[in-house]
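Each residue of the sequence shown is one higher than the last, beginning at 262 in the working numbering. We treat Cβ as the ideally placed atom computed from N, Cα and C, and that holds for glycine.
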Amino acid sequence: MNVKTLLATALAMLLIAPAVRALVNPALQPIHLYQRYKVVLAGRVVTADLTSDDTEVESGRIRLKVSTVCKGEFAGREIVIDVPAKDDRNEPEHEASEEWNIWDVAYKDRTFIAFVGKTRRRGEHEILLYCGDRQWHHARIADPTKPSAWTYESASADIMVGTFNGDSARLAEMLVDTRNGTAFFPADVNVRLNRDVTIGTLHGGVRGVALFDIDGDGDLDILACSESGIRVYLQGDSLAFTDRAEDLGLSGVSGMCCALADVNADGRSDLLVGTQLFLKREQGFAKGTMLKVAKDTPLKVSSFVQLNGDGHADILLSHVDGGLTALLNDGKGGFTDATGDLGLADEACGAGGNGYFAPGDWNADGRTDLYYATGKGLILVQDEKGRFSPLKHKLAFDYRCSPDYKPGKTGAGCFATVWKQDSMDIVSPGDSTLAIVANIDGEARDVSISGNEIGLCAARQIATLVEDLNMDGYADLYTISRDGNQRNQFHTNRGYGSFMDASLYDADAFGAAHNKGAWGVAAGDVNGDGMNDLLLGHVDGEITLVLSGAADVRRPAEHPTYHAKKLQQTCIVSVTLKGHGVVGADVRLVDSEANTALRRTVGTQVLTGCRGPDTVNLAVREPGDYTLRVRFADGTVKKKKVAVGKTKRVSLTVSNG
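Here you go:
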């Protein structure tokens, strides 16, 4: 099926299925509106006063204050919109007129966007208004001598479907970026994850997987876990992978999850498989001593996590109906049970719970916080004394799964930069839903409700990996299904809080591995081209490496579009971390105006017991002088200057001790 056929199918769905009416329309996007109108304004609603709230009348007056002229010239800073009675508007009958109401969105302090005066003839007085909540509205300048006096006309019909249906403040940001020539809001598919390479097979389903430089030779190796055993595939020349588990002293080892980190400060990355610790030696691994965990409940997942800010890799475990257990590292590979001291034994922090966990810095205070997918969803914030306590929220996390609706089968999410580049947001899958929760003025707020195609999800989901898989500068969402007969789900992050399901528009974007679920997933650059590849551990035991074709999408073209030009000028900045405090290290690329352009945290996407590399690949679209700022988990900060634009790739190594 070609792109035109897929697009026609998608647009047909808009007309017959209200639930998916937010499908992206590549022919009508904010950049097109920016081009079609003479003036583009942004500001806030000052007042919205109803003269009558009778549903048949709803007349009144709305006052706006302009804060930014994104395009053209507009002398006034105060705008008045007179809203006639409903019967006097001559509003055409359509679905939008029944469902959308200007009074529902134009309330005090709400951000508004106004496109004023079309460039074509007879459109110079037309106005297109957006205040959020998927509602577009029409107004008009009734008197050309009073350009700040507008008359409301109607809600927009299907013509605006698929344009932008997210947060109006994010649209304002986009239009300022459009004015500055830095906007990037693609409506075309630019992902290629269709080059499947079968690495091997495990008896039973694969659980946790890792893409990591296990042997220290500079390239990424593959580790896959199952209850019947593990496989360690070391990479040789030309992407040749050989199982070396026996040679590494790991014969007979089994477990559902894996993690790697240097626990004893000898410069080598040690291995955690379930509750078994293996220390890296010159010629393989040797069994280490790990504190016995007094639990009579099965292990769900374990991982190395930075818990107390000393840079030593600690261990966090989740048990089925047994809550969390925290083991603090003394820096020499000895561990102490600190569950009670950290507050994690409290009922309020999920004691007795059953769920996956994710570490991350929720409130930007430099301390590790936790997301625990149990109960109604716990955001556990660490205070200055090192104790965790739950953040109060009104979110509706739902971990129930059919047919028994018991929790524990989904919710393996992570902290990542999704909503904005400088914040750590929570991304968490449900059985067939996906939540993106951002910290907005201290409040945990679900921002996924207006994310275009974010509502289109897979079935029987278990975990969501967040990484830039098309290398365009935005972290995408890859959600795996725990059912081997179901497809996984890829959401292209378009920026500004909007997402796209690429499979609706390009059937060739993904290969067969995408359509057979997975219990484990990790991402990293395996073949050294700077593009993040994907590792999948399938339900049927197959281990698949999916090589990225993102470089093919950005090959020079004779007449490139605006977005194609942005991709073609993109530079990949690869940053490898070494030394003390790598797990939990915060990596930022800061521009000349001290704004965070890109951000990643190393080793925190635990998911179902998985591990990615200690190298992050940052796709930088705008050339210029940047500063790489790395805050290691012990608080040490390292900085390096980075010039972007002179080459297509910059590789850096940052060491701590």
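**Message:** Which same chain residues end up closer than 6 angstroms to Leu868 when comparing Cβ atoms and leaving out the 5 residues on each side of it in sequence?
**Reply:** In its chain, beyond the 5 residues on either side, Ala673 and Ala724 have a beta carbon closer than 6 angstroms to the beta carbon of Leu868.
**DSSP three-state assignment for Gly906, whether helix, strand or coil** = It is coil, neither helix nor strand.
**Message:** For Arg468, report the span of its alpha helix (DSSP H) as first-last.
**Reply:** That residue, Arg468, is in no alpha helix (DSSP H); it is neither H nor E in DSSP.
**Prompt:** Which of helix, strand or coil does DSSP assign to Gly798?
**Reply:** In the three-state scheme derived from DSSP, where H, G and I count as helix and E and B as strand, Gly798 is classed as strand.
**Request:** In angstroms with no decimal places, state the Cα-to-Cα distance between Gly614 and Thr635.
**Result:** Our two residues, Gly614 and Thr635, have alpha carbons roughly 6 angstroms apart in a direct line.
**Prompt:** Beta carbon of Arg743, beta carbon of Gly778: below 8 angstroms?
**Reply:** The Cβ-Cβ distance between Arg743 and Gly778 falls below 8 angstroms.
**Prompt:** Helix, strand or coil for His398 per DSSP?
**Reply:** Three-state result, His398: strand.
**Request:** Answer with yes or no whether the minimum CB distance from Glu803 to chain B is below 8 angstroms.
**Result:** Here there is only one protein chain, and chain B is not present.
**Asked** Lys366 to Val787, Cα distance in whole Å?
**Response** The sequence given here has Val at residue 366, not Lys. Rounded to the nearest angstrom, the two C-alpha atoms are 47 angstroms apart.
**Message:** For Lys901 and Gly845, I'd like the C-alpha separation in whole angstroms.
**Reply:** Rounded to whole angstroms, the separation of the alpha carbons of Gly845 and Lys901 is 19 angstroms.
**Sequence-distant residues of the same chain with beta carbon closer than 7 angstroms to Ala904, five excluded per side** = Closer than 7 angstroms at the Cβ level, and outside the excluded window around Ala904, lie Asp886.
**Message:** Nearest by alpha-carbon distance to Phe923: which of Leu484, Gly516 and Leu511 is it?
**Reply:** In the structure displayed, the chain extends from 262 to 918; residue 923 sits before or after that span and is not available.
**Request:** Please determine, among Glu488, Leu560 and Asp591, the residue with the shortest C-alpha to C-alpha distance to Val524.
**Result:** That would be Asp591, whose Cα lies nearest to the Cα of Val524.
**Message:** If I measure Cβ to Cβ from Thr308 and keep anything under 6 angstroms in the same chain, skipping five residues before and after, which residues do I get?
**Reply:** So the qualifying residues of the chain are Arg324.
**Asked** Would you report the Cα separation of Ile741 and Leu311, rounded to the nearest angstrom?
**Response** The alpha-carbon atoms of Ile741 and Leu311 are separated by roughly 48 angstroms.
**Prompt:** So what's His824 in DSSP terms, helix, strand or just coil?
**Reply:** Looking at His824 - three-state DSSP - the assignment turns out to be helix.
**Asked** Can you list, in chain order, the residues of its chain whose CB lies under 6 angstroms from that of Gly842, leaving out five sequence neighbours each side?
**Response** The beta carbon of Gly842 sits closer than 6 angstroms to those of Gly572, Phe893, Ala894, Asp895 and Asn917, all from its chain and outside the five residues before and after it, given in chain order.
**Asked** Counting pairs of beta carbons, one from the stretch 667-686 and one from the stretch 726-738, are three or more of them closer than 8 angstroms?
**Response** Contact between the stretch 667-686 and the stretch 726-738 is present, with at least three C-beta pairs closer than 8 angstroms.
**Item:** According to DSSP, residues forming a beta bridge with Pro727
**Value:** First, the amino acid is wrong: residue 727 is Val here, not Pro. Answer by DSSP bridge pairing, in chain order: Leu738.
**Request:** Could you tell me the distance, in whole angstroms, from the CA atom of Thr914 to the CA atom of Lys332?
**Result:** For the pair Thr914 and Lys332, the Cα-to-Cα distance works out to about 42 angstroms.
**Message:** Taking only three categories from DSSP, how would you classify Met421?
**Reply:** In the displayed model, Met421 falls within a helix according to three-state DSSP.
**Other residues of its chain near Arg453: CB distance less than 7 angstroms, five sequence neighbours each side excluded** = Contacts found: Ala770, Ser809, Gly810, Ala811, Asp813 and Val814.
**Residues bridged to Asn776 [DSSP beta-bridge criterion]** = Looking at the DSSP assignment, Asn776 forms no beta bridge with any residue, so it has no partner.
**Asked** What did DSSP end up calling Asp498 once you bin it into helix, strand or coil?
**Response** Collapsing the DSSP output to three states places Asp498 in a helix.
**Secondary structure of Trp680, DSSP reduced to three states** = Note: Trp680 maps to coil in three-state DSSP.
**Item:** Where the beta strand (DSSP E) containing Asp886 begins and where it ends
**Value:** Counting along the chain, the beta strand (DSSP E) containing Asp886 begins and ends at Gly885 to Arg892.
**Request:** Note down, one range per segment and in chain order, each beta strand (DSSP E) of at least 3 residues found wholly within the stretch 559-634.
**Result:** Counting only unbroken stretches of 3 or more residues, the beta strand (DSSP E) elements lying wholly within the stretch 559-634 are 560-566, 575-580, 584-590, 596-598, 618-621 and 630-633, in sequence order.
**Request:** Quick one: measure Cβ to Cβ for Leu850 and Val834, integer angstroms, because I've assumed they're closer than 8 angstroms.
**Result:** So it is a contact: roughly 6 angstroms between Cβ atoms.
**Message:** So for Glu646, helix, strand or coil by DSSP?
**Reply:** Note on identity: in this sequence residue 646 is Lys, with Glu being the wrong assignment. Secondary structure of Lys646 (DSSP, three-state): coil.
**Message:** Restricting to Cα atoms, I'd like to know which of Arg350, Tyr413 and Asn749 is closest to Val800.
**Reply:** For Val800, the closest of Arg350, Tyr413 and Asn749 by C-alpha to C-alpha distance is Asn749.
**Item:** Per DSSP, the bridge partner or partners of Thr308
**Value:** Paired residue(s): Arg324.
**Request:** Could you tell me the distance, in whole angstroms, from the CA atom of Asp737 to the CA atom of Gly337?
**Result:** Cα to Cα, Asp737 sits roughly 40 angstroms from Gly337.
**Message:** What does the Cβ neighbour count give for Thr459, buried or exposed, with the cut at 16 atoms within 10 Å?
**Reply:** With fewer than 16 Cβ atoms within 10 Å of its Cβ, Thr459 is classed as exposed.
**CB contact flag (Gly584, Ala609, <8 angstroms)** = The beta carbons of Gly584 and Ala609 sit no closer together than 8 angstroms.
**Prompt:** Can you tell me where the beta strand (DSSP E) with Pro690 in it begins and where it stops?
**Reply:** Element bounds for Pro690: Asp686 to Pro690.
**Request:** Give the DSSP bridge partners of Glu360, in chain order.
**Result:** Looking at the DSSP output, Glu360 shares a beta bridge with no other residue.
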